[in-house]
Amino acid sequence: MPVRRPFVLATLPVAVTALLAAAAPPSPGSSGAGDPYFPLAGNGGYDVRHYDLTLRYDTGTRHLDGKAVITARATQDLSRFDLDLSGLKVTGLTVGRDKADFTRKGQELVVTPRRSLRKGQWFKVTVTYRGTPRPVTDPDGSPDGWIPTDDGAFVAGEPQGAMTWFPANNHPKDKASYDFTITVPENRTAVANGVLAGRHTAHGHTTFRWHQAEPMAAYLATATVGKFEVEQYTTRDGIRVYNAVDPREAATAAPVLKKLPSVLEWESRLFGPYPYRAAGAIVDRAPDVGYALETQTRPVYDSAPDLATLVHESAHQWFGDSVSLTSWKDIWLNEGFATYAEWLYSEQHGGDSAQKTFDELYARPASDALWEFPPGDPGSGADIFGEPVYARGAMALHALRRAVGDQVFLRVLRAWATEHRDGHGTTAGFVRLAERESGKDLNALLRTWVYQDGKPAAP
Ligand code: ARG
Ligand code: ZN
Numbered sequence: 012m013p014v015r016r017p018f019v020l021a022t023l024p025v026a027v028t029a030l031l032a033a034a035a036p037p038s039p040g041s042s043g044a045g046d047p048y049f050p051l052a053g054n055g056g057y058d059v060r061h062y063d064l065t066l067r068y069d070t071g072t073r074h075l076d077g078k079a080v081i082t083a084r085a086t087q088d089l090s091r092f093d094l095d096l097s098g099l100k101v102t103g104l105t106v107g108r109d110k111a112d113f114t115r116k117g118q119e120l121v122v123t124p125r126r127s128l129r130k131g132q133w134f135k136v137t138v139t140y141r142g143t144p145r146p147v148t149d150p151d152g153s154p155d156g157w158i159p160t161d162d163g164a165f166v167a168g169e170p171q172g173a174m175t176w177f178p179a180n181n182h183p184k185d186k187a188s189y190d191f192t193i194t195v196p197e198n199r200t201a202v203a204n205g206v207l208a209g210r211h212t213a214h215g216h217t218t219f220r221w222h223q224a225e226p227m228a229a230y231l232a233t234a235t236v237g238k239f240e241v242e243q244y245t246t247r248d249g250i251r252v253y254n255a256v257d258p259r260e261a262a263t264a265a266p267v268l269k270k271l272p273s274v275l276e277w278e279s280r281l282f283g284p285y286p287y288r289a290a291g292a293i294v295d296r297a298p299d300v301g302y303a304l305e306t307q308t309r310p311v312y313d314s315a316p317d318l319a320t321l322v323h324e325s326a327h328q329w330f331g332d333s334v335s336l337t338s339w340k341d342i343w344l345n346e347g348f349a350t351y352a353e354w355l356y357s358e359q360h361g362g363d364s365a366q367k368t369f370d371e372l373y374a375r376p377a378s379d380a381l382w383e384f385p386p387g388d389p390g391s392g393a394d395i396f397g398e399p400v401y402a403r404g405a406m407a408l409h410a411l412r413r414a415v416g417d418q419v420f421l422r423v424l425r426a427w428a429t430e431h432r433d434g435h436g437t438t439a440g441f442v443r444l445a446e447r448e449s450g451k452d453l454n455a456l457l458r459t460w461v462y463q464d465g466k467p468a469a470p
């Protein structure tokens with residue numbers, strides 16, 4: 012049937028117009044998920060359910076061979092769709108059983124299936140690819156993605172780096188389960204998210220299989236490779252712990268890692284049940300990285316962490332990982348909450364009270380960088396990891412605690428983690444939930460602390 016010209020529509024009765032709209036030709040999915048800070052991150056027109064990633068990494072040549080099988084569902088009639096992939100060479104691409112056409116345009120891998128996809132249709136995309144992964148440089152200047160180290164690679168993807176090592180719908184709005192099959196030289200260990208599902212060695216190489224059952228945002232995936240000392244155990248709550256530690260960091264890391272079960276228990280008492288069946292830590296030696304990341308179930312540290320950092324990355328398992336962002340602008344929902352967990356931990360373990368930490372921060376002059384922008388509006392991707400997001404974000408939670416009292420405050424945190432478990436949150440949703448739990452109008456207080464420019468008046 013020839014495509015009708017739109018001007019015809021205006022002259023037709025409503026029912027006929029609706030019929031024609033239903034017959035509208037399939038259209039391309041958008042090249043981004045609509046995030047103003049990272050317009051090309053993620054894509055439109057489909058929803059990923061599962062990533063099955065098979066990787067082989069040569070730590071000597073830094074060459075990566077990859078195959079990604081992506082199970083997704085079309086959310087519109089799709090003539091073509093994008094994946095995000097930065098660098099690397101695509102050597103084959105099929106949709107279902109058919110070879111599909113594809114082009115590369117910056118970070119967009121544009122896929123045109125032989126037959127267009129119907130809204131609601133499930134489909135599988137298989138991408139084979141290879142090359143030397145290169146990290147991306149974030150707007151704040153830090154490296155992000157597949158970051159080579161002297162014995163492997165430190166792999167972390169917040170906010171953008173997932174696309175440096177697998178084709179993804181690279182925005183936290185789209186969460187999926189994962190399987191990883193990673194082959195590395197026999198004297199190396201490959202550590203991903205979730206539970207270790209198998210491991211075997213042949214011909215000088217070891218293959219590790221990892222299964223991440225609960226939905227995960229692409230930026231929280233890891234496949235860190237190195238020479239590691241491995242420790243495995245199950246906690247009293249039945250959580251399977253897998254720690255991988257660079258031997259050069261082991262002595263410093265040991266006393267902190269020993270506390271992981273008690274930190275998770277303490278956080279579970281505060282925030283509700285730990286959201287995952289697996290836990291652990293990857294302690295690497297990655298001097299060029301400069302940060303740790305709350306990779307799901309198993310945070311990755313660029314060197315032996317201190318206890319506060321362990322508490323922080325563990326708290327992210329509830330706030331950031333299980334309850335995901337809908338938009339990067341809301342990053343304080345991750346960083347402010349994880350920072351506040353550090354304050355609470357200190358307060359309940361013989362350190363400074365949260366009030367004391369708040370007061371010391373509040374004493375900083377109005378010209379201090381802490382007040383440069385409000386935590387709920389960093390303005391661009393360059394500032395999403397700035398101090399106002401972490402410290403003033405935590406101050407906003409402390410102001411809330413003061414306004415509603417300790418008991419209601421903890422109820423709010425727990426309800427937030429429980430009601431959005433394996434899902435998403437927004438700042439507006441958090442304010443609504445806090446108001447519901449407290450029965451108070453908190454709009455003005457949260458506006459002041461989360462959105463208002465400059466140093467707020469004394470609370
Ligand atoms: N979310 C990490 C944390 O726990 C910080 C990640 C920083 N990433 C970056 N590309 N600068 O604080
Ligand atoms: Zn954090």
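Residue 438 in the working numbering sits at position 427 of the sequence shown, with consecutive numbering throughout. Heads up, the beta-carbon is just placed ideally off N, CA and C, and yes, glycines get one too.
| Asked | Found |
| --- | --- |
| Alpha-carbon spacing of residue 4 relative to residue 77, whole angstroms | This structure leaves residue 4 out entirely; the chain is present only between 12 and 470. |
| Start-to-end residues for the beta strand (DSSP E) that takes in residue 243 | 240 to 245 |
| Burial state of residue 205 (16 or more Cβ within 10 Å) | buried |
| Cβ-based neighbour list, residue 270, same chain, cut-off 8 angstroms, excluding 5 preceding and 5 following | 318 and 321 |
| Separation of residue 83 from residue 58, as counted between CA atoms | 5 angstroms |
| Buried versus exposed call for residue 378 [16 or more other C-beta atoms within 10 Å across all chains shown] | exposed |
| Whether residue 216 touches residue 240 by CB criterion (8 angstroms) | no |
| Among 461, 251, 236 and 235, nearest to residue 242 - alpha-carbon criterion | 251 |
| Range covered by the beta strand (DSSP E) that runs through residue 254 | 251 to 256 |
| Proximity test, residue 346 beta-carbon vs the ligand ARG heavy atom, cut-off 7 angstroms | yes |
| Contacting residues, own chain, Cβ-Cβ under 7 angstroms from residue 442 (five flanking each side not counted) | 453, 454 and 457 |
| Cα-Cα separation, residue 23 to residue 36 | Confidence at residue 23 is low in this model, with a pLDDT of 46, below 50, so the placement of that residue should be treated as unreliable; the coordinate-derived value is given next. Between residue 23 and residue 36, the C-alpha separation is close to 18 angstroms. |
| Contact set for residue 431: own chain, Cβ-Cβ below 7 angstroms, skip 5 residues either direction | 334 |
| Top-ranked residue by Cα proximity to residue 348, from 421, 173, 372 and 53 | 421 |
| Closest by C-alpha distance to residue 387, when choosing among 210, 341 and 203 | 341 |
| Backbone secondary structure at residue 410 - three-state DSSP | helix |
| Where the beta strand (DSSP E) through residue 178 begins and ends | Counting along the chain, residue 178 falls outside any beta strand (DSSP E), and DSSP gives it neither H nor E. |
| C-alpha gap between residue 461 and residue 121, whole angstroms | 38 angstroms |
| Three-state class that DSSP yields for residue 347 in the structure shown | helix |
| Distance cut-off 7 angstroms: residue 222 Cβ against heavy atoms of the ligand ZN | no |
| C-beta contact flag for residue 170 and residue 49 at 8 angstroms | yes |
| Element boundaries [beta strand (DSSP E), containing residue 367] | Per DSSP, residue 367 belongs to no beta strand (DSSP E); it is in the alpha helix (DSSP H), 365 to 373. |
| C-beta contact flag for residue 332 and residue 231 at 8 angstroms | yes |
| Beta-bridge pairing of residue 293 - partner residues as DSSP gives them | 255 and 311 |
| beta-carbon residue 278 near the ligand ZN non-hydrogen atom, thresh 7 angstroms | no |
| beta-carbon residue 305 near the ligand ZN non-hydrogen atom, thresh 7 angstroms | yes |
| Inter-residue Cα distance where the pair is residue 13 and residue 38 | Unreliable placement is indicated for residue 13, whose pLDDT of 42 sits below 50; no coordinate value is reported for it. |
| Distance between residue 293 and residue 147 (C-alpha atoms, nearest Å) | 21 angstroms |
| Option in 363, 302, 416 and 194 with minimal Cα separation from residue 451 | 416 |
| Residue 109 vs residue 91 beta-carbon contact at 8 angstroms | no |
| As assigned by DSSP and simplified to three states, the class of residue 458 | helix |
| Where the alpha helix (DSSP H) containing residue 263 begins and where it ends | 261 to 268 |
| Counterpart residues of residue 223 in DSSP-defined beta bridges | 189 |
| Proximity winner among 279, 226 and 373, relative to residue 306 (alpha-carbon distances) | 226 |
| Residue 116 - DSSP class collapsed to helix/strand/coil | strand |
| C-alpha gap between residue 62 and residue 440, whole angstroms | 29 angstroms |
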